[in-house]
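Each protein sequence line maps, in turn, to chains A and B.
Going by the numbering used here, the first sequence wraps up at 358, each residue one higher than the last.
Going by the numbering used here, the second sequence wraps up at 358, each residue one higher than the last.
We put the beta carbon where it would ideally sit given N, CA and C, even for glycine.
First comes the structure, then the notes that go with it.
2 protein chains.
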Amino acid sequence: MFENSGRTELSQFGEFGLIDHITRHIKLHHATTIKGVGDDAAVINNGETFNLLTTDMLVEGSHFDLAYTPLKHLGYKAVVSNISDITAMNGKATHIVVSLALSNRFSLEAIEELYLGIYAACDAYKVDLVGGDTTSSNKGLTINIACYGEVAKDKVCYRSGCNEGDLVVVSGDLGSAYLGLHILEREKRIFLERPDFQPDLEGNDYLIQRQLKPEARIDIVTLLGNLGIQPTSMIDISDGLSSELHHLAKQSEVGFMIYEDKLPIDPLAYQRAIDLGIDPTVAMLNGGEDYELLFTIPQADYEKLKGQPEITIIGHAVASGEGLHLISKSDIKHKLEAQGWKGF
Amino acid sequence: MFENSGRTELSQFGEFGLIDHITRHIKLHHATTIKGVGDDAAVINNGETFNLLTTDMLVEGSHFDLAYTPLKHLGYKAVVSNISDITAMNGKATHIVVSLALSNRFSLEAIEELYLGIYAACDAYKVDLVGGDTTSSNKGLTINIACYGEVAKDKVCYRSGCNEGDLVVVSGDLGSAYLGLHILEREKRIFLERPDFQPDLEGNDYLIQRQLKPEARIDIVTLLGNLGIQPTSMIDISDGLSSELHHLAKQSEVGFMIYEDKLPIDPLAYQRAIDLGIDPTVAMLNGGEDYELLFTIPQADYEKLKGQPEITIIGHAVASGEGLHLISKSDIKHKLEAQGWKGF
């Protein structure tokens, strides 16, 4: 099946390359499998509607740092990131199962804090925790959540349906979660050098909250439903706008033209980016973890959507051969790189 | 919600105690949640049938030792243990999502081996791999699989339906996986002391295979369906017969009388247990990882089931107040302990 021999380092691949390499060989057995690997969630035909299934693993040291992440927030975020994937299929998350591996460094009270966050997210999003697995690890904390949901058959939305000319839309604002992380990392470094130092997080509440306690945009799915708009493609922004645009482009076989002056950023995020010497546009394109929705709509739906406060049209789809570009504020055309967009 | 303060060590609880403590506070929001935490899988009403959802996490160092576990077998076993949980609901597993966290110690070829095992199990059990998450860890390998399946509404089988007088039945034989593990651990110890030593696994193939490449008993579910038998309760034997009997007893509010001379063991397993100085009955009661099915049936179904080669009746359910006991070969009544049964 696989044709390599010897030792090939994973670092040659990256996450998406590795997934492509491995999943090429999948054989499907069930006619009920409408969509397998390759979207925000799998789609399974249950007769009346489609079921959705997704999973997300968070590993201490790779995805979170308990030096500045309260366990309650971690539990909340772990649930939200899964709900966001179901939401990005235009669906509704209804059930989760939670697996935990933890070392004896964690006390009962620590696990309770984690579950208080999990339960808070379950209450906020009306999701039922229906199972899991709790086990020990030699070191650190790993959380895996699998999320189950559903979507009407005529409402399901993939990464692959965008057509040339469609408008590119994002919800909310971008880059704040990344700037929040930057501030938390900075305070941690200072704290490690000077343990008597009090962290200075004041005035950055919004950014810290966007990093530590993100929300899934189920309100946007409801809004689109109420407006009678069926997105042609959709994805949630977990890895950064630029990366997600490449996913839509690849699966829809289109290119994108994005306008820098349209990208939505919170005024505080803009100011902090300048303070920290970070290009605000880079934060928006590559920041990730905002869990906003990126979607495309037919131009004919523009009138239905315009004027909505939580919605910004940032560009349009072009022919695949034209590639992905950002038109800068100074009207210069920059290529959007798949992983990490190079600033001006 | 939780009333502790200070620091309580997890070791005071054990896995089941911790799960009970945490899940006591679950609030459910959906009428479609037929069964949440507390069985082999969650049960969700999808209209025509019930969907099943379960998850299982395997952590290097806690659940497997790559010194003697080929990655291909590990991938196979990770899938099988989930399918076994769906099977124990009298259901059929159809879809899985796989999460991996791995350190840069693993090469592409190692991950390919792991997936060859995952794909082999998917083919053997006609299960579709439809999603996952691949991420990095500082150390070691963690695999989480969530498994989705379905069961007819009138066929679903919980841990809770056993009645006084029901017969207690197991599939296949018990204790072999535990003895296989024992042999692998022994060879590893010898190898670590004398690296020039060749492992002596000859003549133990069946035991090693039961440990490294277990199977889920979907054939038993088919058999029961063909015989027209609806089990009153069912669970898969992952932690050992004694532990599983306690789960059935607790949730069905019954006791059990089990007969030592009825417990099914493979002749090779019996011989190796004696060779290794292990009480074969202890191996059967506490061994775990055999992934056989333990279930109960009404006495009226005895005639339908008797004479089936892969089925053994090992006892019967009694009133809850009578507790759980083993009647030894010498006709002495021993209490069956929840965790680890004390030998004679």
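- Between B:A230 and chain A, the shortest Cβ-Cβ separation is not below 8 angstroms.
- DSSP lists no beta-bridge partner residue for A:E351.
- Proximity of the stretch 285-299 of chain A to the stretch 224-235 of chain A falls short of the contact definition, fewer than three beta-carbon pairs being nearer than 8 angstroms.
- For B:I346, no beta strand (DSSP E) encloses it, and the DSSP letter there is neither H nor E.
- Straight across, the Cα-Cα distance linking B:K86 with B:E127 is about 5 angstroms.
- Under the three-state reduction of DSSP output, A:C161 falls in the strand class.
- In the DSSP assignment, A:D250 falls within the unbroken beta strand (DSSP E) covering S247 to D250.
- Interface annotation, B:I251: not in contact with chain A, CB-CB separation never under 8 angstroms.
- In the three-state scheme derived from DSSP, where H, G and I count as helix and E and B as strand, A:D147 is classed as strand.
- Between B:M248 and B:A102 the beta-carbon gap is near 5 angstroms, inside 8 angstroms, which marks them as a contact.
- For the pair B:E274 and B:L255, the Cα-to-Cα distance works out to about 12 angstroms.
- Where B:E258 is concerned, there is no enclosing beta strand (DSSP E), although the alpha helix (DSSP H) around it starts and stops at L255 to S266.
- When C-alpha distances from B:N104 are compared across B:A166, B:D187 and B:R200, the shortest belongs to B:A166.
- Using beta-carbon distances, B:N152 counts as an interface residue toward chain A, with a partner under 8 angstroms.
- The continuous alpha helix (DSSP H) containing B:I288 extends over residues P281 to L290.
- When Cβ-Cβ separations below 8 angstroms define contact, A:K343 makes no contact with chain B.
- Judged by DSSP secondary structure, B:T69 falls outside any alpha helix (DSSP H) and instead within the beta strand (DSSP E) spanning F64 to V73.
- At least one CB of chain B lies nearer than 8 angstroms to the CB of A:V51.
- Taking the Cα of A:A107 as reference, the smallest distance to any Cα among B:A115, B:I204, B:T47 and B:T83 is reached at B:T47.
- In this structure B:L340 is not in contact with B:I251, their Cβ atoms being roughly 16 angstroms apart against a cut-off of 8 angstroms.
- B:T156 and B:L114 have their C-alpha atoms some 6 angstroms from each other.
- For secondary structure counted as the beta strand (DSSP E) over 3 or more consecutive residues, the stretch 78-146 of chain A holds these complete runs in sequence order: 106-116.
- A:K49 sits buried, since 16 or more C-beta atoms from the chains shown fall within 10 Å of its C-beta.
- A:T68 is a Cβ neighbour of A:C161, given a cutoff of 8 angstroms.
- Residues of chain B whose Cβ lies closer than 9 angstroms to the Cβ of A:M15 are, in chain order, E126, Y129, L130 and Y133.
- When Cβ-Cβ separations below 8 angstroms define contact, B:R21 makes contact with chain A.
- For A:K49, the uninterrupted beta strand (DSSP E) segment begins and ends at T47 to K49.
- For the C-beta of B:I272, not a single chain A residue is nearer than 7 angstroms; the gap to the nearest is close to 27 angstroms.
- Judged by their CB atoms, B:A55 and B:I100 are nearer to each other than the 8 angstroms cut-off.
- Comparing alpha carbon positions, the residue from B:N240, B:T37 and B:P278 closest to B:D315 is B:N240.
- Within the same chain, and ignoring the five residues on either side of B:Y305 in sequence, the residues whose Cβ sits closer than 8 angstroms to its Cβ are V94, S95, S98, A191, P228, E229, A230, R231, D250, I251 and S252.
- Beta-bridge partners assigned by DSSP to B:A56: B:L67.
- Residue burial is scored here from C-beta neighbours: B:G269 has at least 16 other C-beta atoms within 10 angstroms and is therefore classed as buried.
- For B:S190, the enclosing alpha helix (DSSP H) begins and ends at S190 to E207.
- Legend: CB atoms of the stretch 139-163 of chain A lying less than 8 angstroms from CB atoms of chain B belong to residues K140, V141, D142, L143, V144, G145, G146, D147, T148, T149, S150, S151, N152, K153, G154, T156, N158, A160 and Y162.
- Boundaries of the beta strand (DSSP E) around A:A333: I325 to A333.
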